[in-house]
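**Q** Numbering (our numbering), first residue to last: 50 to 108.
Beta carbons: idealized from backbone N, C-alpha and C, even for Gly.
(1) Can you tell me the Cα-Cα spacing of residue 65 and residue 102, whole angstroms?
(2) Using a Cβ-Cβ distance cut-off of 8 Å, determine whether residue 89 contacts chain D.
(3) Can you name the residues that DSSP bridges to residue 93?
(4) Under a Cβ-count criterion, where at least 16 other Cβ atoms within 10 Å of its own Cβ denotes burial, should residue 58 be classed as buried or exposed?
(5) Please state whether DSSP places residue 70 in a helix, a strand or coil.
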């Protein structure tokens, strides 16, 4: 088990369409969201032990 890694991070829009997916992410990695239009998004973070979902609003 490597606790310093995230299995995947995906971004979905408010109607459930996956916008992009990043696999095998290191903890602390910055993700550039400048190409996303303004709106509501859900960030799905899959670790070896759990799935975390967070809501973000991009202005």
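**A** This is what the structure gives:
(1) Locating residue 65 in the chain shown gives position 16, where the first residue counts as 1. Locating residue 102 in the chain shown gives position 53, where the first residue counts as 1. Taking the Cα positions, residue 65 is about 13 Å away from residue 102.
(2) You won't find chain D in this structure, because it holds only one protein chain.
(3) Taking the chain shown and counting its residues from 1, the one referred to as residue 93 is at position 44. Beta-bridge analysis with DSSP links residue 93 to 59, 102.
(4) Within the chain shown, numbered from 1, the residue matching residue 58 stands at position 9. With 16 or more other CB atoms across the displayed protein chains lying within 10 angstroms of its CB, residue 58 is buried.
(5) As a first step, residue 70 is located in the chain shown; it is residue number 21 there, counting from the start. Here residue 70 sits in strand by DSSP.
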